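Under full-length UniProt numbering, the very last position in the sequence shown is 169; numbers go up by exactly one each time.
Just so it is clear, CB atoms sit at the ideal spot from N, CA and C, and this is done for glycine as well.
Only a predicted model underlies this, so the values are computations on that prediction, with no experimental measurement involved.
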Amino acid sequence: EIPEIKLFYDVYKYLSTSESSFWSFYYDYKPYTDPGEWLPPFKGYAMLMGGKYYITFDKKHYEFRGSCTYLLSTDFVSRNFTLLVSYDQMGLSNQVIILINKTAVHLDILSDAVAIHRPGSGQPIIKLPTDIDGNYIYRESNIVTVENNGFSLQCNMKFQICLFEISGK
């Protein structure tokens, strides 16, 4: 028997007896083909969905909600950002807050509002797009994006889903 044909049949048998497909196999192993992902630091992704469902950077799932402000992520080394989520007692406010240097960006998911508070300025900035010290904040349709070279926060205000990506650098 030819080894190549045997290998082909083994792969076919593996894919046909499981719920896997060629494409699921491809997407499982595709990240390993990028040499930039072979050694640390690695990119990380976390999600907040519906105001109480969380997927952490290590892909664990949590469900919680309380009238408090929670620390979701921070850069303890460079102190470039801090990501918070804040809930009120009545359930009328669900804010994702990102602190960048001394600027606070408030994304109120329930009321579909964005406010940028800078120290020393009395009124919040609500006009987008804006650039604050190399941090870009803009809105495309229902998606508000806050990004710089170390992280990206994208919140879909309509479906109440936020994706937070850190570059690992």
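Query, Result
"What span of residues does the beta strand (DSSP E) with residue 21 cover, start to end?", "Run containing residue 21: none; DSSP gives neither H nor E here."
"Is residue 110 near residue 97, with beta carbons less than 8 Å apart?", "no"
"Can you list, in chain order, the residues of its chain with a C-beta nearer than 6 Å to that of residue 152? Leave out the 5 residues immediately preceding and following it.", "165"
"Leaving aside the five residues before and after residue 143 along the sequence, list all residues of the same chain whose C-beta is less than 8 Å from its C-beta, in chain order.", "154, 155, 156 and 157"
"Residue 33 by DSSP, collapsed to three states: which one?", "helix"
"If we count the other Cβ atoms within 10 Å of its Cβ and call it buried at 16 or more, is residue 89 buried or exposed?", "exposed"
"Is it buried or exposed for residue 87, if we count other Cβ within 10 angstroms and need 16 for buried?", "buried"
"Could you have a look at residue 10 and say whether DSSP puts it in helix, strand or coil?", "helix"
"For the beta strand (DSSP E) containing residue 131, list its first residue and its last residue.", "130-132"
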